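Trainee:
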Amino acid sequence: MNNDEAYAQGLLSKALDPSTQPPAIRAFLQQEFTLVRHLIRPGSRVLDFGCGMGRHLIGLQNHIACGVGFDYERASIDEAARLNATANCHFFVADATRVPLLDSFDAAVCLTNTWGTMSEKTAVLNEMRRLSPAAGSRLVTVYAAKSVPARREWYANMGHPVLEVTDQEIVAAGRFSSEHFTEHRLRKVLGPCELHPIGDIALVAQC
Ligand SMILES: C[S@@+](CC[C@H](N)C(=O)[O-])C[C@H]1O[C@@H](n2cnc3c(N)ncnc32)[C@H](O)[C@@H]1O
6 MNNDEAYAQG LLSKALDPST QPPAIRAFLQ QEFTLVRHLI RPGSRVLDFG CGMGRHLIGL
66 QNHIACGVGF DYERASIDEA ARLNATANCH FFVADATRVP LLDSFDAAVC LTNTWGTMSE
126 KTAVLNEMRR LSPAAGSRLV TVYAAKSVPA RREWYANMGH PVLEVTDQEI VAAGRFSSEH
186 FTEHRLRKVL GPCELHPIGD IALVAQC
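Residues in the sequence shown are numbered from 6 upward in steps of one, following the working numbering.
#1: Since C56 contacts F110 with CB under 8 Å, what's their CB separation in whole angstroms?
#2: With the cut-off set at 7 Å, would you say F186 and V147 are in Cβ contact?
#3: Regarding S81 and ligand 1, is the C-beta to nearest heavy atom distance less than 6 Å?
#4: Can you have a look at R46 and say buried or exposed, based on whether 16 or more other CB atoms are within 10 angstroms of its CB?
#5: Is any non-hydrogen atom of ligand 1 found closer than 6 Å to the C-beta of M2, if you look at the structure I gave you?
#6: At a cut-off of 6 Å, is R103 close to ligand 1 when judged by its beta-carbon and the heavy atoms of the ligand?
#7: On the criterion of 16 or more Cβ atoms from any shown chain inside 10 Å, does Q26 qualify as buried, or is it exposed?
#8: Does DSSP classify L116 as helix, strand or coil?
#9: On the DSSP letters alone, give me the boundaries of the beta strand (DSSP E) that V176 sits inside.
#10: Taking a contact to mean a Cβ-Cβ separation below 7 Å, would you say C71 touches N93 in this structure?
#11: Determine the burial state of L191: buried for a count of at least 16 other Cβ atoms within 10 Å of its Cβ, exposed for fewer.
#12: Buried or exposed for S124, please, with buried defined as at least 16 other CB atoms from any protein chain shown within 10 angstroms of its CB.
#13: By the DSSP assignment, the beta strand (DSSP E) with I206 in it spans what residues?
#14: Taking the alpha-carbon positions, what's the E132 to N162 distance?
#15: Alpha carbon to alpha carbon, how far is A80 from V73?
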């Protein structure tokens, strides 16, 4: 198995089930949403890379002018469409390395370590820059190095016990790989950015 197969087998639903989430992870998910809402200007047009079941855009519906989310997992997009009762959010299936859109947005987001599980990170960043060209309009959440103990418990609760931890990633059963970043490594990959820490669990990079 790899990350694509783990997502295809329903990993996201297990991750978003509160019963799998240690308290520190549950708190992080709430704090991330609050911070993202604060960082996105009201009335923005927002593009969500790897939107899963659309929870961020649907939650922001009264704050933004329009939300467009995509994910390569059809089952997640079908679920996003089912949950979406808004007129201003739209979801479709696409790969984050080749987004079939031409018009630019006011903001692009890639949240909850979605980017940290993607293999072609530079290609995804290039697409975020193309589709949301203004500096500071891109938000990328990654896990922080100190998040390992909480994630170890979370992944085990999802049925993916941790096999290996390095200073850059956790590899869990099924060869699911999830990266974590020091501020130094993140700045090296992203270039100039403002970093907003969320406790010990994550960093939201605004770039
Ligand atoms: C950690 S989940 C987060 C989902 C959502 N952003 C959330 O926070 O609820 C990562 C998501 O990225 C999607 N994904 C991973 N690689 C992708 C790619 N190359 N293109 C599009 N979606 C991708 C997965 O299918 C999964 O839904």
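We treat Cβ as the ideally placed atom computed from N, Cα and C, and that holds for glycine. These numbers come from a predicted model, not from an experiment.
Mentor: In short, the structure shows the following:
#1: Indexing the sequence shown from 1 puts residue 56 at position 51. Indexing the sequence shown from 1 puts residue 110 at position 105. Not quite, the Cβ-Cβ distance comes to about 13 Å (not below 8 Å), so this is no contact.
#2: Position 181 of the sequence shown, counted from the start, is the residue given in the question as residue 186. Position 142 of the sequence shown, counted from the start, is the residue given in the question as residue 147. Yes. Within cutoff.
#3: Indexing the sequence shown from 1 puts residue 81 at position 76. Within the cutoff, so yes.
#4: In the sequence shown, counting from the first residue as 1, residue 46 sits at position 41. When all chains shown are included, R46 counts as exposed.
#5: What the structure shows of the chain is the stretch from 6 to 212, and residue 2 is not part of that stretch, so it cannot be assessed.
#6: Translated into the one-based positions of the sequence shown, residue 103 becomes position 98. Because no heavy atom of ligand 1 lies under 6 Å away, the Cβ of R103 does not count as near it: no.
#7: The residue given as residue 26 occupies position 21 in the sequence shown. Q26 should be labelled buried.
#8: Within the sequence shown, residue 116 is the residue found at index 111, counting from 1. Residue state, collapsed to three classes: coil.
#9: Looking up residue 176 in the sequence shown gives position 171. Run containing V176: 174-177, per the beta strand (DSSP E) assignment.
#10: Residue numbering aside, residue 71 sits at position 66 when the sequence shown is read from its first letter. Residue numbering aside, residue 93 sits at position 88 when the sequence shown is read from its first letter. Yes, they are a contact pair.
#11: In the sequence shown, the residue the question calls residue 191 occupies position 186. L191 should be labelled buried.
#12: Taking the sequence shown and counting its residues from 1, the one referred to as residue 124 is at position 119. S124 should be labelled exposed.
#13: Position 201 of the sequence shown holds residue 206. Element bounds for I206: n/a, residue is neither H nor E.
#14: Here residue 132 corresponds to residue number 127 of the sequence shown, with the count starting at 1. Here residue 162 corresponds to residue number 157 of the sequence shown, with the count starting at 1. Looking at the two C-alpha atoms, the distance is approximately 33 Å.
#15: As a working mapping, residue 80 is identified with position 75 in the sequence shown. As a working mapping, residue 73 is identified with position 68 in the sequence shown. Those two C-alpha atoms are separated by around 17 Å.
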